[in-house]
Amino acid sequence: PVPSISWRRSDGSSFAKKIQPNRTRGVLEIPNVQQEDEGSYECMAGNTRGINIARGQLFVYAPPEWDKKIQNAFLSLYDSLFWECKARGKPSPSYSWLKNGQPLVSEGRIQIENGTLIIPMLNTSDSGLYQCVAENKYDTIYANAELRVIAAAPDFSRNPVKKLSVVQVGGEVTIDCKPSASPRAVVSWRKGSEVLRQNKR
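If you read the sequence shown in full-length UniProt numbering, its first letter stands for residue 1, the second for the next number, and so on.
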């Protein structure tokens, strides 16, 4: 007699709502296949003469998609850069890095490990357009970001030092010295030609 057909997942988990087995045609249709649909499936056919089971494995492959991209960075001279990019895909994507279109490799200050790029003690020559590349056999994707290393001499135009401070005898005065500079400026004070040093006063 004509067998009855049923489907199940080999691990015993239930089907997603989108899956509708066609019992009369013996067909299992899975629309909009996702990673979670991967696994082993069983078709059970039975009639009065017995039951037979056929098993099949579904493998789901996917091109890379970004989970985390790199962002533009504007850093001071001698700062450290840490960039990380992450992508998902099946098979898992591999990573590489480019600077101004040229491959980057781990050497000297440049440290590359999979989706991470570390450059300590930045100098102006590190400035440029960087790309994190993620690829598997199905596609290659790029994440772009600019690194700008800023070097500037001390500048008091934004925060000028007070030229005149008036205080009564025995009072206290505060004079701010906060120049804009990259890297951060080392500040010293003079009174006339005498270098001032920190003391109890």
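In this text, a Cβ means the ideal position worked out from N, Cα and C, and glycines have one as well.
Computed from a predicted model, the values in this text were never measured in an experiment.
Residue environment, residue i, which counts as buried when at least 16 other CB atoms sit within 10 Å
i	result
Tyr95	buried
Val133	buried
Val169	exposed
residue 224	Past the boundaries of the shown model lies residue 224; the chain is included only from 1 to 201, so the question cannot be answered.
Val149	buried
Leu58	exposed
Ala54	exposed
Beta strand (DSSP E) segment containing residue i, residue limits
i	result
residue 203	Here the chain covers residues 1 to 201 and nothing more, so residue 203 does not appear.
Val133	Gly128 to Asn136
Asn144	Asp139 to Ile150
Val27	Val27 to Glu29
Gly89	Lys86 to Lys90
Proximity of residue i and residue j at Cβ, strictly below 8 angstroms
i	j	result
Asn47	Val2	yes
Tyr78	Leu147	no
Ile118	Asp126	no
Ser10	Tyr41	yes
Tyr130	Ile70	yes
Candidates the options, of which the one nearest residue i by Cα
i	options	result
Cys177	Gln168, Arg190 and Ile119	Arg190
Glu84	Tyr138, Ala145, Arg8 and Gly50	Ala145
Glu65	Ile141, Arg197 and Val166	Ile141
Integer Cβ distance of residue i from residue j, believed to fall under 8 angstroms
i	j	result
Asn136	Pro91	5 angstroms
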